[in-house]
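Worksheet: the structure to be examined is printed underneath.
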Amino acid sequence: MLNKVKARFLIGVGGLIAVSFMVMIGYTIGSQSVSKQTEHQIRAEANKLVTKEKQEERATVLSDELVKEFLTQYFTKVQLGENNARIKPYMTDSAFSEEEANQNNAINQVYKDYMLDYRFESASIYVNTESNVALAEVTYQVTYVSDLSEQQQRTTQTEIKTVMLSYSKVSDKLLVNQLTIWNGKLEDMKEATNGANSSIPTIQGTTTSENN
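For the record, in the sequence shown the residue sitting at position 76 is 76 according to UniProt numbering, with numbers rising by one throughout.
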């Protein structure tokens, strides 16, 4: 009888030890899982902060990438004015109002339906980060329509414009505050004006040639 009691006691103790061991293993595995999950969350939050800081810095420092974004939207449109909603976020209110006023000029309205499907191709961009001014030689394509009849002929041509952009900081963002456009290449215009009396300033900075 005594041996049976001892045997039951030993079995009970052994079972308790086994249960305790399983509980400890489960707790350890659970702790490790929580630790890994917490570490993953910390890394994810850190990456978000780094990305946010880069975006904020990018928005406040003039770069060829920022200029190219605007030029791509500006020189890509179905026709004059079609891209206003896309270029507005890149411009100050005064610059955008001036752009709309220019679009509404009689001469521009006359040719509006005869110049279609503008497509940005490339740009050579010169940036001055100290004065927040950029010069760009932009190449784009545009389709000319001979007339508005059903027998209209369409001709696609490659055009080159020289663009000067002046930026201003508004709510920690750099926005286009002034936009000036000339016909032709920057180099040709510099030579034509002999540089000294040119309204196109000399800008020293980064130079890129980007294809869209």
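The C-beta atom is built at its ideal place from N, Cα and C for all residues, glycine as well.
Residue range of the unbroken beta strand (DSSP E) whose run includes tyrosine 90: Run containing tyrosine 90: none; DSSP gives neither H nor E here.
Applying the 10 Å Cβ sphere with the 16-neighbour rule, what's the burial state of alanine 101? exposed
Does valine 138 come out as helix, strand or coil in the three-state DSSP assignment? strand
Touching by the beta-carbon criterion (3+ pairs, under 8 Å), the region 102-120 and the region 73-82: yes
Along the alpha helix (DSSP H) that carries phenylalanine 70, what are the first and last residues, could you check? 64-74
How many angstroms separate the CA atom of tyrosine 167 from the CA atom of glutamine 109? 28 Å
How far does the beta strand (DSSP E) with valine 127 in it extend, from its first residue to its last? 115-128
Nearest CA to the CA of methionine 189: which residue from Leu135, Ile42, Tyr118 and Val61? Leu135
Do we get a CB-CB distance below 8 Å when we pair methionine 115 with the residues of chain D? Chain labels in this structure do not include chain D; a single protein chain is all it has.
Within the continuous alpha helix (DSSP H) that includes glutamine 79, where are the two ends? Counting along the chain, no alpha helix (DSSP H) covers glutamine 79, and no H or E run does either.
Where lysine 112 falls: helix, strand or coil (DSSP): helix
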